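Below: the structure, in structure tokens.
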Amino acid sequence: MNEWLVAATVLVVALAPCLALCMAGQPVDGLVALEIAGILTTAILVLLAEGLHRQSFVDLAVVFAVLNFAGGLAFARMLERRL
Amino acid sequence: MTRELPVAILLVAGVALMLLSCVGLVAMRSTLDRLHYAGPAGLGALLVSTAVTVEESFSLIGNKSLAVGVFVVLSGVVLVHVTARAVRVHELGRWEIGRGEDVEVEEP
């Protein structure tokens, strides 16, 4: 287990408070937690691609970053409409 | 390898920044206070992806991870703004400034 995988494991642990806030908080709090969890997940995917020596897996991080952006926009728009 | 020290510094700094923003996310009370921590988390992701780029130089993974880091920071700015707007509409029912609301705004 190299240092990249250790860092990825630490960041996976850091996803737990985001998940707790998503489940327990208000919908807008959950949206903020979801955005921060998406940033953490992007970093985790980059770290896993480097740590596992599968360099082409970094495409997953690229796709996830774009999808996280689109998802955040869509959720924010839905929260505005639903009131 | 002379690259080990900068890689370690960047990696530890990035992971610490993201951990701190998770702590801040849970510790704050209001939604807008929590929203402040999306910025440091994006900068942490940029530091981590810079660490990968320094380790691997400009290769397949180096270029793409740097691009991911920059994209996360840039899209984070837009996401924070859109979310703050959604929070305001969610709380007040409108986006515009109200009559009695004390906001510094430059009239055209």
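One line per chain: the protein sequences are A and B, in this order.
Reading the first sequence from the start, the letters are residues 8 to 90 in the numbering used here.
Reading the second sequence from the start, the letters are residues 1024 to 1131 in the numbering used here.
A virtual CB, placed ideally from N, CA and C, is assigned to each residue, including glycine.
Remember, it's a predicted structure, so these values are computed and weren't measured experimentally.
For the options Val19(A), Ala14(A), Ala44(A), the alpha carbon positioned closest to that of Phe76(A) is the one of Ala44(A).
Shown here, Thr1025(B) sits in coil according to DSSP, grouped into three states, outside any helix or strand. Under a 10 Å Cβ-count criterion, Trp1118(B) is classified as exposed, with fewer than 16 other Cβ atoms of the shown protein chains found around its own Cβ. The DSSP assignment places 34 to 58 as complete runs of the alpha helix (DSSP H) inside the segment 17 to 58 of chain A, in order along the chain (cut-off: 4 residues). Less than 8 Å divides the Cβ of Ala72(A) from the Cβ of Thr49(A). In the structure shown, Gly1123(B) falls within a coil segment according to DSSP collapsed to helix, strand and coil. Put simply, the segment 1029 to 1041 of chain B does not touch the segment 56 to 65 of chain A. Fewer than three CB pairs are less than 8 Å apart. At a cut-off of 8 Å between beta carbons, Val65(A) contacts chain B. Our two residues, Gly32(A) and Leu55(A), have alpha carbons roughly 30 Å apart in a direct line. Remark: C-beta atoms of Leu1033(B) and Leu1070(B) approach each other more closely than 8 Å. Going by C-alpha positions, Val1075(B) is about 22 Å away from Cys1045(B). Beyond the five residues adjoining it in sequence on each side, Val1030(B) comes within less than 6 Å, by CB distance, of Ala1074, Val1077, Glu1078 in the same chain, given in chain order.
When secondary structure is reduced to three states using DSSP, Ser1098(B) falls in the helix class. One Cα belongs to Leu18(A), the other to Gly1062(B), and the distance between them is close to 17 Å. Taking a beta-carbon distance threshold of 8 Å, Glu1127(B) does not count as an interface residue toward chain A. In terms of beta-carbon proximity, Arg1026(B) stays away from the interface with chain A, with every pair separated by 8 Å or more.
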